[in-house]
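S.K.:
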Amino acid sequence: MSLPRSLTKSLRKGYAATRIGHTLVVHADAQVSTGVRVLAESLPPDPTADVVVADIPLRSPTQVWRRFASAVPRSPRPMRIVPGQEPFEASGELWPWLANEVGRVVIAPCGKVHYGRGWLFVHADARSGWVAFPPGGQPMWDGKRFPRPVWDTMELAQGRLVGPRCVAEPVPAGAWVRPDVDERLLAASRAMLTGMVPCLPQSPTIMLGAAGLPGIQLTDVVGYWSTLPRPIATAARFVRCGAVDQVGDEFFGRTLAEALGTEITCYTGIPAGSPVALDVITLRPDGSPGWRPFVQVVTHRPDGSAPLVRKWRAPLMGAVQTGPGVYSLGPGTVVEVIQAGLWIRPENFAADPAGVRTVPLNPERCLLVYQESDDGPAHLLRAVAEQLAERLDVATRSAARLVSSAELADGRPGHPLAEEPVQTDVMARPSVPPEAAEASGPDAGDGTELPWLSRMIDTIALPRVE
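4 is the number of the first residue of the sequence shown in this note's numbering; add one for each residue after it.
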């Protein structure tokens, strides 16, 4: 049987090592292939090891790997091997042999490697992950994710049953607690959660349920959370992705905090983007993405007190912030970010008799609430709200509904926005350039505003957990 042409070529040639970004690419050709170059440029540095991209098939003959080893510079530091060509899985005997050949610790993937923008996730079964092979020593499991977050422990690495019909599945950002149903029903949700949700270095994200599928039990969520090491459980952030039985839509965070008996932090939608430019997208009941809520991260306490807003995004680029989540719209008028959308009110009207701040988020509707009072110019505030709507991003504007505080208190749904832009300029323009980054809450990253679709990473499909 003849060898494939790529392997025959590799056998005839020596290997070269090319520095690209934070990685060393070992390759047989005179130039690094475009795909491998893009991969190498996307990888972050490893503070404890040299990242080496192998631009050869992992299932190459020993002669090829011996040439590969000769091209790797000698160093006392461990070497992390990143596969650059398919297949992305190798036999178990390769890595101990390579560690002895290069005389250094080799950290290699045991299982299939899944690639994202700036991260790698190794998953196939309960024993899969990154494994460190010291020369002549015993291998040691080294997490499932690179870069490895502080919470990447075995408790968040293994898929397991957590209830009669509930599974906890490892995903790049943390864990997905979902119903145990036919795999074909999970494909769309899995692709979105693995390809969209960023992996945070300090906080695992626990995603609950799946849109359009049977709900999971609240008791199963509590049981799973209680098995996590205390520091990890405390740092976890929750995302509701589908139905959780015994938990109403409006009181998800509060009910979960009461069930867990502790303060918890929740996203108001599906987190997207990157750890330093985090965004949040609401999830409609059918599983499709909705609008970008202004309040993005909220802390709930088990005592039923009002939720604490931890992170938000500014309503406009370059808006001048006058208080936590409050921005100036001109003399005497401000807009405040609320869970349901935005509240346009007089600057000196801090009281909330209509309960505007406590209105829960609707994943399909962004409310633009303008304050209405006996002694206030409601018609002017409505005009401000209409003009503010014209300057929102397209996705938010398409979901927006205009409603007065009085209508909101009466439970009325509000009004669609006018088709034509309002011409009266009653709202002051920001005093900083529109190119300036949006302000955000104290829990924010760098606050850079980018369209959420441009920050979704490549869709990947992970295998069924075992």
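Beta carbons: idealized from backbone N, C-alpha and C, even for Gly.
(1) Rounded to whole angstroms, what's the CA-CA distance from V174 to A194? Just pull it up for me.
(2) Identify the residues that DSSP records as bridge partners of V67: which are they?
(3) Are the CB atoms of L281 and P274 within a distance shorter than 8 Å?
(4) With a cut-off of 8 Å, do at least 3 Cβ pairs link the stretch 66-78 to the stretch 32-45?
(5) Answer yes or no: the CB of P274 versus the heavy atoms of the ligand MN, is any distance below 7 Å?
(6) Can you list, in chain order, the residues of its chain with a C-beta nearer than 6 Å to that of A176? Leave out the 5 residues immediately preceding and following it.
(7) In terms of residues, what are the limits of the beta strand (DSSP E) holding A93?
(8) Let me make sure I understand the geometry here. Which of A412, L411 and R368 has the alpha-carbon closest to that of A398?
(9) Only counting runs of 4 or more residues, tell me where the alpha helix (DSSP H) segments fall wholly within the stretch 177-226, in order along the chain.
(10) When the cut-off is 8 Å and only beta carbons count, does E44 lie next to chain B?
(11) Express the C-alpha separation of P81 and P47 in angstroms, rounding to a whole number.
(12) Under the DSSP definition of a beta bridge, which residues are partnered with R130?
(13) Alpha carbon to alpha carbon, how far is L101 from G87? Give it in angstroms, no decimals.
(14) Does the stretch 392-411 come close enough to the stretch 287-306 to have 3 or more Cβ pairs within less than 8 Å?
(15) Out of curiosity, what's the CA-to-CA distance linking P433 and A262?
(16) Excluding the 5 residues preceding and the 5 following T3 in the sequence, name in chain order all residues of the same chain whose CB lies nearer than 6 Å to its CB.
(17) Please report the Cβ distance between G245 and G218, rounded to the nearest whole angstrom; I am assuming they are in contact, meaning their Cβ atoms lie under 8 Å.
(18) Mind checking which residues open and close the beta strand (DSSP E) that includes E339?
(19) Can you pull the DSSP bridge partners for C244?
(20) Measure the CB-CB distance between V29 and D53 and report whether it falls below 8 Å.
(21) Mind pulling the beta strand (DSSP E) runs of 3 or more residues that sit fully within the stretch 302-338?
(22) Check each candidate in P310, G162 and L196 and name the one with the smallest Cα separation from V362.
(23) Just to confirm, is the Cβ distance from V247 to V224 under 8 Å?
(24) Three-state secondary structure (DSSP) at P296?
(25) Return the residue from the list V153, F352, E186 and Y373 that minimises the CA-CA distance to A238.
(26) With DSSP collapsed to three states, give me the class of T21.
M.R.: Short version:
(1) By one-based count along the sequence shown, residue 174 stands at place 171. By one-based count along the sequence shown, residue 194 stands at place 191. Spanning the alpha carbons of V174 and A194 requires a straight line of approximately 10 Å.
(2) By one-based count along the sequence shown, residue 67 stands at place 64. Answer is none; V67 lacks a bridge partner.
(3) The count along the sequence shown starts at 1 and reaches residue 274 at position 271. The count along the sequence shown starts at 1 and reaches residue 281 at position 278. Yes, the Cβ-Cβ distance between P274 and L281 is below 8 Å.
(4) no
(5) The ligand MN is absent from the structure shown, which contains no ligand whatsoever.
(6) Position 173 of the sequence shown, counted from the first residue, corresponds to residue 176. Taken in chain order, the residues that qualify are V200, C202 and T208.
(7) Here residue 93 is taken as the residue at index 90 of the sequence shown, counted from 1. No beta strand (DSSP E) contains A93, which DSSP labels as neither H nor E.
(8) Sequence index remark: in the sequence shown, residue 398 carries index 395 (1-based). The shortest Cα separation from A398 among A412, L411 and R368 belongs to R368.
(9) 190-199
(10) No chain B is present in this structure, which holds just one protein chain.
(11) Within the sequence shown, the letter at position 44 stands for residue 47. Within the sequence shown, the letter at position 78 stands for residue 81. Computed Cα separation, rounded: 16 Å.
(12) Counting from 1 along the sequence shown, the entry for residue 130 is found at position 127. According to DSSP, R130 bridges with nothing at all.
(13) Translated into the one-based positions of the sequence shown, residue 87 becomes position 84. Translated into the one-based positions of the sequence shown, residue 101 becomes position 98. Distance between the alpha carbons of G87 and L101 is about 17 Å.
(14) yes
(15) Working through the sequence shown from its first residue, we reach residue 433 at position 430. Working through the sequence shown from its first residue, we reach residue 262 at position 259. Its pLDDT being 36, under 50, P433 is placed unreliably in this model, and the coordinates cannot settle the point.
(16) For residue 3 there is no data in the structure shown, the boundaries of the chain being 4 and 469.
(17) What you label residue 245 is simply residue 242 of the sequence shown in a count that begins at 1. What you label residue 218 is simply residue 215 of the sequence shown in a count that begins at 1. Contact flag correct, Cβ pair sits at about 7 Å.
(18) If you number the sequence shown from 1, residue 339 lands on position 336. Segment T336 to I341, the beta strand (DSSP E) holding E339.
(19) Here residue 244 refers to the residue found at position 241 of the sequence shown. Beta-bridge partners assigned by DSSP to C244: none are found.
(20) Counting from one through the sequence shown, the residue named residue 29 turns up at place 26. Counting from one through the sequence shown, the residue named residue 53 turns up at place 50. Against a cut-off of 8 Å, the Cβ pair of D53 and V29 comes out as no contact.
(21) 311-315, 324-326 and 329-333
(22) For the purposes of this step, residue 362 is taken as residue 359 along the sequence shown, with counting starting at 1. It is P310.
(23) Stepping through the sequence shown from its first residue, residue 247 is reached at position 244. Stepping through the sequence shown from its first residue, residue 224 is reached at position 221. Yes.
(24) On the sequence shown, position 293 is the one that residue 296 refers to. Coil at P296, not helix or strand.
(25) Reading the sequence shown from its first residue, position 235 is the one you call residue 238. The option with the nearest alpha carbon to A238 is V153.
(26) As a position in the sequence shown, residue 21 is number 18, starting the count at 1. Residue state, collapsed to three classes: strand.
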